[in-house]
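Chemist: Below is a structure I'd like to ask you about.
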Amino acid sequence: SVPLAFFSGIGAGSKKGILFKGGVAIEALQGVKAIVMDKTGTITEGNFVVQDIVPAAGVDREELLKLAGSCELTSTHPIGNSIVTAAGEKGIELKRPAAVKEISGKGIKAELPEGTVLCGNKKLLENYQIDLAECEDTTYGTEVLLALNGRYAGRIVIADTIKADAKQAVASLKRLGILTAMLTGDAQKSAESVGKETGIDEVHAKLLPQNKVEELQKIRSEHGSVMFVGDGINDAPVLAGADVGAAMGSGADAAIEAADVVFMTSSMEAIPQSLKIARTTGVIAK
Ligand code: ADP
Ligand code: MG
463 SVPLAFFSGI GAGSKKGILF KGGVAIEALQ GVKAIVMDKT GTITEGNFVV
513 QDIVPAAGVD REELLKLAGS CELTSTHPIG NSIVTAAGEK GIELKRPAAV
563 KEISGKGIKA ELPEGTVLCG NKKLLENYQI DLAECEDTTY GTEVLLALNG
613 RYAGRIVIAD TIKADAKQAV ASLKRLGILT AMLTGDAQKS AESVGKETGI
663 DEVHAKLLPQ NKVEELQKIR SEHGSVMFVG DGINDAPVLA GADVGAAMGS
713 GADAAIEAAD VVFMTSSMEA IPQSLKIART TGVIAK
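Pasting the structure below:
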């Protein structure tokens, strides 16, 4: 049963599109000292759009997009969807790979008629000892690198947008005395630019799902009780490892089920609001 005093908090939350899974969730939220967030879909909109296609010497642009699109045909990752969409807009016919393996936090390895294709981040290509000398460093966006039969084939630059209220929400959290941190599997540069634009205290990039759990434990040991906010796409372990797990609106069903708090809208302002409601409810409860 839910102690009577918590009903006010649950009611106040529901008016703002915040679902607290009972009084226990509100109580846990009262003690939170740090908020750790996933980047994609939490701080950014998660609406990826292909910005640029940069083939390696001797590779055709359309051919590069076709290789990437074929790899991503069965992927549910927003990055993959943006590539498939871009190929579709150019009228490129995509082939279903004979074999496809999605490597969480890294990308895809697929067998296509053209050969073995790697499609993902730098970490993925480095794992397969691809020579990246020809791949220059860029300073913007998320990049998907490609290799065909062991050779670097080019890169596709993808842009996402930071949520309009992200900066304001981070500032509100700071005023509440909360440490803010971002964990992402994305590249360092792309993560740093989001960190800079939003004012988030700590930025941790290039993390695999298991590294996110380790990083969260480190933050907890330094600062105290931690709330993790994510969309649930490959962050189930870190969501479960936090003192308070929160799922963002458009998140995966499994995440919404496992979460202590659910933000029904995708607005970031709901995060400081949930803390304010929990803290006020705490006063009433005592
Ligand atoms: P985030 O931590 O931002 O939620 P993910 O853990 O989902 O990101 O993915 C981390 C990184 O792995 C992405 O930024 C991308 O570089 C790479 N990646 C993951 N899935 C794919 C995919 N289907 N195609 C290409 N790259 C991918
Ligand atoms: Mg994610």
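For full-length UniProt numbering, add 462 to where a residue sits in the sequence shown, where the first one is 1. We treat Cβ as the ideally placed atom computed from N, Cα and C, and that holds for glycine. None of these values were measured; they are calculated from a predicted model.
For Asn509, which of Asp622, Glu677, Glu654 and Met730 has the nearest alpha-carbon?
Modeler: On the sequence shown, residue 509 is found 47 positions in, with the first residue counted as 1. For the residues Asp622, Glu677, Glu654 and Met730, the minimum Cα distance to Asn509 belongs to Asp622.
Chemist: By the 10 Å Cβ neighbour count, where 16 or more other Cβ atoms means buried, how is Asp715 classified, buried or exposed?
Modeler: By 1-based counting over the sequence shown, the position of residue 715 is 253. By the 10 Å Cβ count, Asp715 comes out exposed.
Chemist: Return yes when the C-beta of His685 is under 7 Å from any heavy atom of the ligand ADP, and no when it is not.
Modeler: Position 223 of the sequence shown, counting from 1, holds the residue named residue 685. Result no, Cβ not under 7 Å from the ligand ADP.
Chemist: DSSP on Val486, reduced to helix/strand/coil?
Modeler: Numbered from its first residue, the sequence shown carries residue 486 at position 24. In the structure shown, Val486 sits in a helix (DSSP, three-state: H, G or I).
Chemist: If you draw a straight line from the C-alpha of Arg617 to the C-alpha of Ser544, how long is it?
Modeler: Start at 1 with the first residue of the sequence shown, and residue 617 comes out as number 155. Start at 1 with the first residue of the sequence shown, and residue 544 comes out as number 82. Rounded to the nearest angstrom, the two C-alpha atoms are 14 Å apart.
Chemist: For Lys495, I'd like the list of residues in its chain whose CB is within less than 6 Å of its CB, leaving aside the five on either flank, ordered along the chain.
Modeler: Within the sequence shown, numbered from 1, the residue matching residue 495 stands at position 33. His685, Gly686 and Ser687.
Chemist: Mind checking whether the beta-carbon of Cys597 lies closer than 7 Å to any heavy atom of the ligand ADP?
Modeler: If you number the sequence shown from 1, residue 597 lands on position 135. No - the ligand ADP has no heavy atom lying nearer than 7 Å to the Cβ of Cys597.
Chemist: How many Å lie between Gly711 and Gly520 at the Cα?
Modeler: Counting from one through the sequence shown, the residue named residue 711 turns up at place 249. Counting from one through the sequence shown, the residue named residue 520 turns up at place 58. Whole-angstrom Cα-Cα distance: 44 Å.
Chemist: How do the segment 601-610 and the segment 525-539 stand: do at least 3 beta-carbon pairs fall below 8 Å, yes or no?
Modeler: Yes: at least three Cβ pairs fall under 8 Å.
Chemist: Using alpha carbons as the reference points, say which of Asp514, Ala704 and Leu491 lies closest to Lys680.
Modeler: One-based indexing of the sequence shown puts residue 680 at position 218. For the residues Asp514, Ala704 and Leu491, the minimum Cα distance to Lys680 belongs to Ala704.
Chemist: Leaving out the 5 sequence neighbours to the left and right, which residues in its chain are closer than 6 Å to Ile472 when beta-carbon positions are compared?
Modeler: For this step, residue 472 is matched to residue 10 along the sequence shown. The residues are Phe482.
Chemist: What are the residues that DSSP puts in a beta bridge with Ala708?
Modeler: Numbered from its first residue, the sequence shown carries residue 708 at position 246. DSSP lists Val691 and Val723 as partners of Ala708.
Chemist: Alpha carbon to alpha carbon, how far is Ala487 from Val665?
Modeler: Translated into the one-based positions of the sequence shown, residue 487 becomes position 25. Translated into the one-based positions of the sequence shown, residue 665 becomes position 203. Approximately 26 Å between the Cα atoms of the pair.
Chemist: List the endpoints of the continuous alpha helix (DSSP H) containing Lys563.
Modeler: Your numbering for residue 563 matches position 101 in the sequence shown. Lys563 -> not in any alpha helix (DSSP H); beta strand (DSSP E) instead, spanning Ala561 to Ile565.
Chemist: Quickly, what does DSSP pair residue 801 with across the bridge? List them, please.
Modeler: Look at the range of the chain in this structure, 463 to 748, and you will see that residue 801 is not part of it.
Chemist: At what residues does the alpha helix (DSSP H) containing Ala702 begin and finish?
Modeler: Position 240 of the sequence shown, counted from the start, is the residue given in the question as residue 702. Element bounds for Ala702: Ala698 to Gly703.
Chemist: Please report the distance separating the alpha-carbon of Lys478 from that of Lys738.
Modeler: The count along the sequence shown starts at 1 and reaches residue 478 at position 16. The count along the sequence shown starts at 1 and reaches residue 738 at position 276. Roughly 12 Å between the two C-alpha positions.
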